[in-house]
Amino acid sequence: MRINDDITLQDWELTESFTRSSGPGGQNVNKVSSAVELRFEAERSPNLPAPVKTRLKRLAGRRWTQDGALVLRVEDTRSQARNREIARERLAELIRQSLMRPKPRISTRPTLASKRRRLESKAHRADIKALRSAPKPD
16 MRINDDITLQ DWELTESFTR SSGPGGQNVN KVSSAVELRF EAERSPNLPA
66 PVKTRLKRLA GRRWTQDGAL VLRVEDTRSQ ARNREIARER LAELIRQSLM
116 RPKPRISTRP TLASKRRRLE SKAHRADIKA LRSAPKPD
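Counting in this note's numbering, the sequence shown runs from 16 upward without gaps.
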């Protein structure tokens, strides 16, 4: 399976299993195994660099297993073939997202004018709230 120009996944890295899906479909749901469970052995994959694997693990969340595999379950349509395509598209999109290195945040200082505006607005609010209080007895 080709992800981009540099990364191509081998057949041994992907395993598919089919089960019966839930939802609408009449008697077809009870007979045909149309749901697809795509398992990608991400941790053992020689095609993905280590930083990409760590980003992929963070993006996958609960879909990442203890043994380092990414499991995608798709039961969107009644067609098994279409569910297979959707699962492969989702896997490719997840890997493409993990290929993008996040831009480092550059810390900035607030300007002097913004500090003054903040303090003036705080003082203004304090004045408004002070006027709400009951007058002091003489």
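Just so it is clear, CB atoms sit at the ideal spot from N, CA and C, and this is done for glycine as well.
Asked	Found
In whole angstroms, what is the alpha-carbon distance linking Thr23 and Thr80?	22 Å
Do Ala57 and Arg88 have their CB atoms nearer than 8 Å?	no
If we require 3 or more residues per run, which beta strand (DSSP E) segments fall completely within the segment 88-145?	none
Per DSSP, which residues does Glu52 bridge with? Please list them.	Ser32 and Arg88
State the Cα-Cα distance for the pair Glu100 and Ser94, rounded to the nearest angstrom.	10 Å
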